[in-house]
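Heads up, the working numbering is the position in the sequence shown plus 1, with the first residue counted as 1.
Below: the structure, in structure tokens.
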Amino acid sequence: MTNDVQSQPSALEFTGHAGKLAGRRWPSVNPTWIALLCHGYGEHSGRYDAVAERLAADGAAVYALDHAGHGRSDGERVLITDFEDVVDDFARLEWTARAEHPGLPVVLIGHSMGGMIAARYAQRHPDELAAVVLSGPVLGSWAAVDALLGVAEIPDDPIDPQTLSRDPAVGEAYVNDELVWHGPFKRPTVRALATCLETINRSQPISVPALHLHGEDDQLVPAGPSVEAWARLGGRRSEEKLYPGARHEIFNETNKNEVLDDLLSFVRREVAPQG
């Protein structure tokens, strides 16, 4: 069942570990579930408008926030020293969503670094989630982290926009987005990424229904390590699908409708079956 009403986001504000956290909500008429969107490194929740609108049209009350040091939230740009603090920040978003929609099942959807955060969130708060979906997640290991930790000075190399999608308009919009970080990684953030991956690897598998989606041609976060890690972390109630030719941002790929169809089919089957 779909909701034909156009969803316009409204602003939210929280206090997080590094100051103000800027959030967004996209409403849905008579929602049947809650979607929490967890964005990736260097970007912000505003890049997920199209995803949120599709989810809202399918009956989700959608919520997202900009992580500390990202988008419109406070904090030194892209500086994260401990991802456990980011998980704590994200819990504030969940509390708000639950207060506004009591009793609805919650689905956590994380992309890239946000997929890593979502995996850790699911490990720490399994009783709070009905399901989790990871899009191109950083799991297991990330060669980029190992390489950056091995150099004396981190190069000032921005993310190559061509790695994001086969649609050139996605890369162009990314480059021109003033809320996106276009500078280098910061060493404390890289160390925190490595620590979080180690913590996830040695922690329990995800116990809630979980879906891993990844582009086979993802050169930014290659699918191989994530697929290998998913075999250990996904648990008994997990699924996985890879998309041939797709690059990193599968929600912005040329086959994005297929990806979102797969996501929503999973949600309907596992969380909010429609009569």
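We treat Cβ as the ideally placed atom computed from N, Cα and C, and that holds for glycine.
Under the three-state DSSP convention, the category residue i falls into
{"i": "valine 79", "result": "coil"}
{"i": "serine 136", "result": "strand"}
{"i": "aspartate 263", "result": "helix"}
{"i": "valine 222", "result": "coil"}
{"i": "glycine 151", "result": "coil"}
{"i": "alanine 247", "result": "coil"}
{"i": "glutamine 275", "result": "Its pLDDT being 45, under 50, glutamine 275 is placed unreliably in this model, and the value from its coordinates should be taken loosely. Reduced to three states, the DSSP call for glutamine 275 is coil."}
{"i": "glutamate 173", "result": "helix"}
{"i": "tyrosine 64", "result": "strand"}
{"i": "glutamate 254", "result": "coil"}
Extent of the continuous beta strand (DSSP E) run through residue i
{"i": "threonine 16", "result": "11–17"}
{"i": "valine 108", "result": "107–112"}
{"i": "arginine 26", "result": "20–27"}
{"i": "histidine 213", "result": "211–216"}
{"i": "leucine 130", "result": "Unbroken run through leucine 130: none, as it is neither H nor E."}
Close beta carbons around residue i, own chain, < 6 angstroms, minus the five adjacent residues each side
{"i": "tryptophan 182", "result": "Gly43, Arg78, Val79"}
{"i": "glycine 236", "result": "Pro206, Ile207, Ser208"}
{"i": "valine 6", "result": "Its pLDDT being 48, under 50, valine 6 is placed unreliably by the model, and nothing is read from it."}
{"i": "leucine 264", "result": "Val134"}
{"i": "aspartate 157", "result": "Pro185"}
{"i": "histidine 68", "result": "Val87"}
{"i": "glycine 246", "result": "Asp218"}
{"i": "glutamate 254", "result": "Ser166, Ala247"}
{"i": "leucine 261", "result": "Arg55"}
{"i": "alanine 230", "result": "Leu140, Gly141"}
C-beta atoms of residue i and residue j nearer than 9 angstroms
{"i": "tyrosine 64", "j": "arginine 25", "result": "yes"}
{"i": "histidine 112", "j": "histidine 71", "result": "no"}
{"i": "aspartate 75", "j": "leucine 22", "result": "yes"}
{"i": "threonine 196", "j": "aspartate 83", "result": "yes"}
{"i": "alanine 123", "j": "proline 138", "result": "no"}
{"i": "leucine 130", "j": "leucine 109", "result": "yes"}
{"i": "leucine 66", "j": "phenylalanine 91", "result": "yes"}
Pairwise C-alpha distance: residue j and residue i
{"i": "threonine 33", "j": "alanine 62", "result": "8 angstroms"}
{"i": "serine 11", "j": "arginine 233", "result": "38 angstroms"}
{"i": "glycine 141", "j": "glutamate 173", "result": "30 angstroms"}
{"i": "arginine 73", "j": "leucine 94", "result": "15 angstroms"}
{"i": "serine 239", "j": "glutamate 217", "result": "19 angstroms"}
{"i": "aspartate 219", "j": "isoleucine 35", "result": "28 angstroms"}
{"i": "histidine 215", "j": "isoleucine 155", "result": "27 angstroms"}
{"i": "glycine 116", "j": "valine 176", "result": "22 angstroms"}
{"i": "isoleucine 251", "j": "leucine 212", "result": "14 angstroms"}
{"i": "alanine 170", "j": "proline 162", "result": "10 angstroms"}
{"i": "isoleucine 201", "j": "valine 191", "result": "16 angstroms"}
{"i": "threonine 97", "j": "leucine 180", "result": "24 angstroms"}
{"i": "proline 28", "j": "glycine 47", "result": "15 angstroms"}
Run of the alpha helix (DSSP H) containing residue i, from where it starts to where it stops
{"i": "glutamate 95", "result": "84–101"}
{"i": "isoleucine 35", "result": "Premise fails: isoleucine 35 lies in the beta strand (DSSP E), 34–39, not in any alpha helix (DSSP H)."}
{"i": "glutamate 54", "result": "50–58"}
{"i": "leucine 180", "result": "Per DSSP, leucine 180 belongs to no alpha helix (DSSP H) and is neither H nor E."}
{"i": "arginine 199", "result": "The sequence shown places glutamate at residue 199, not arginine. Element bounds for glutamate 199: 188–203."}
Cut-off 7 angstroms between Cβ atoms - residues of its own chain near residue i, not counting five sequence neighbours on either side
{"i": "aspartate 89", "result": "His18"}
{"i": "glutamate 271", "result": "Ala132, Pro210"}
{"i": "lysine 242", "result": "Leu214, Asp263"}
{"i": "asparagine 256", "result": "Tyr244, Ala247"}
Nonlocal neighbours in the same chain, by C-beta distance under 8 angstroms from residue i, ignoring five residues either side
{"i": "glutamate 14", "result": "Lys21, Leu22, Ala23, Gly24"}
{"i": "histidine 249", "result": "Ser113, Gly137, Thr164, Leu165, Ser166, Gly216, Asp219, Gln220, Leu221, Val222"}
{"i": "proline 189", "result": "Leu80, Ile81, Thr82"}
CB contact check: residue i to chain D, cutoff 9 angstroms
{"i": "arginine 125", "result": "Among the chains in the structure shown there is no chain D, since it carries only a single protein chain."}
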